[in-house]
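Step one of this worksheet: look at the structure below.
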Amino acid sequence: HPGYRTDYSAGRDPLRIALNAFLLIFLLLPLYFAIFTSSISGSISQIGWKEVAWLLMTGLLLGVGIAKCGFGTECSVMAPESIFTKASFYRNRGLPLATYVMFRSMLPLQGFMAAIVLFNLFIVGRWMLGYGSIPNASGDQGLYWGHFLGGPLLAMGAVFMIGCEVRTYARLGLGYATALAALPGFYIGYLPYTLFYEKIDAIVFSEGLTDFITIPQWATETLGWNEYGWTVVYSLFLISLLVFSFEQGRRFLQITLAKLLRSNTDELVYVSIENQRKI
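Under the working numbering, the residues of the sequence shown are numbered 1064 to 1342, in order.
Below, the structure written as structure tokens:
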């Protein structure tokens, strides 16, 4: 592999030492204030150990999900682009085969769509049965100029970090150099919004572009029919994307669906490595 150096020693690399020192500061400072003080919001003295336990359980589930599918949210929605790529182009430029196989077999998209479909069906089921309403996570109006600004910036950040925000946190625990290198830039890049979020929100989220919160609402108003019907259509579309991701992965890896579901990312790479060498 072009990036592999047999004489490399992490313990003598000043850059890695500096990045690990930054990571320790990043982790230990909030941990100290959370455990031993009550001066910050969300400290243990404010939320209690029960809430801490719930957060730890959520983190464990997230970790298992990332370990199974390989990447997080932003990377997942970019995975379909790999259909139009050639393995030889990236392998000749040093991209690890494991990374290419993971994206090309749609593993990130599978994990992402599994979560989205379950979330969608739960919300739709409660709404249709009259036990709740569809939550609004987009603001008073469904679309703002800030979305057009934030979308490309989010995609660029995911590419530069070689992973989304959550995935970067997960890779920090594994000591990945890419995550260590991305953390300072990610942390510093957040500072402008952290310090001036009220002024920034007043500009990018001041004027909505539509009054529709959901796609079924838009379809009902624009195309007719009713919101319940379009909600079912939209849910079926999400399910079709889930089926597509698993079918594409199964065909590319040339394995059965059962093996795809039972195997982790590394196992799938080893199973398919002989096939990938023929590309």
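We treat Cβ as the ideally placed atom computed from N, Cα and C, and that holds for glycine.
- Residue range 1271 to 1273 is occupied by the beta strand (DSSP E) that includes Gly-1271.
- Under the three-state reduction of DSSP output, Tyr-1067 falls in the coil class, being neither helix nor strand.
- Leu-1243 is classed as buried because its beta carbon has at least 16 other beta carbons within 10 Å across all chains shown.
- The C-beta distance from Thr-1136 to Cys-1227 rounds to 5 Å, short enough to fall under 8 Å.
- Given a length threshold of 4 residues, each whole run of the alpha helix (DSSP H) inside the region 1214 to 1269 is given here in chain order: 1228 to 1236 and 1240 to 1267.
- Looking at the DSSP output, Tyr-1207 shares a beta bridge with Gly-1271.
- The residues Trp-1293, in chain order, have a CB closer than 6 Å to that of Ala-1282 in the same chain once the five nearest residues on each side in sequence are set aside.
- Listed in chain order, the non-local C-beta contacts of Ile-1278 below 7 Å within the same chain comprise Tyr-1297, local neighbours out to five positions each way being set aside.
- The C-alpha of Leu-1305 lies about 10 Å from the C-alpha of Gln-1311.
- Nearest neighbour of Leu-1246 by Cα position, chosen from Phe-1089, Asp-1274 and Asp-1076, turns out to be Phe-1089.
- Ala-1097 and Lys-1113 have their C-alpha atoms some 14 Å from each other.
- One alpha carbon belongs to Gly-1074, the other to Arg-1068, and they sit about 14 Å apart.
- Across the structure, Gly-1188 and Val-1295 are spaced so that their CA atoms are roughly 10 Å apart.
- Between Val-1229 and Leu-1125, the CB-CB gap stays under 8 Å.
- Within the region 1159 to 1214, the runs of alpha helix (DSSP H) that reach at least 4 residues and sit entirely inside it are, in chain order, 1160 to 1167 and 1170 to 1191.
- Distance from the CA of Pro-1215 to the CA of Leu-1184, rounded to the nearest whole angstrom, comes to 29 Å.
- Take the alpha-carbon of Ile-1129 and the one of Gly-1174: they are about 8 Å apart.
- Three or more Cβ pairs drawn from the region 1188 to 1204 and the region 1270 to 1277 lie within less than 8 Å of each other, which places the two stretches in contact.
- In this structure, Ile-1251 lies away from Thr-1241, with their beta-carbon atoms at least 8 Å apart.
- Residue burial is scored here from C-beta neighbours: Thr-1100 has fewer than 16 other C-beta atoms within 10 angstroms and is therefore classed as exposed.
- The three-state reading of DSSP puts Thr-1319 in coil, since its state is none of H, G, I, E or B.
- The shortest CA-to-CA distance from Ala-1218 to any of Tyr-1194, Val-1140 and Leu-1078 is the one to Val-1140.
- Taking all protein chains shown into account, Ala-1116 has fewer than 16 neighbouring C-beta atoms within 10 Å of its C-beta and is therefore exposed.
- Residue nearest to Ser-1168 within the set Ser-1072, Ser-1308 and Gly-1105 is Ser-1308 (criterion: CA-CA distance).
- Relative to Gly-1236, the option among Ile-1080, Leu-1086 and Ala-1178 whose CA is nearest is Leu-1086.
- The Cβ-Cβ distance between Leu-1172 and Pro-1143 falls below 8 Å.
- When DSSP states are grouped into helix, strand and coil, Lys-1113 belongs to the helix group.
- Between Ile-1336 and Leu-1158, the C-beta spacing is not below 8 Å.
- Between Ile-1107 and Ile-1146, the alpha-carbon positions lie close to 46 Å from each other.
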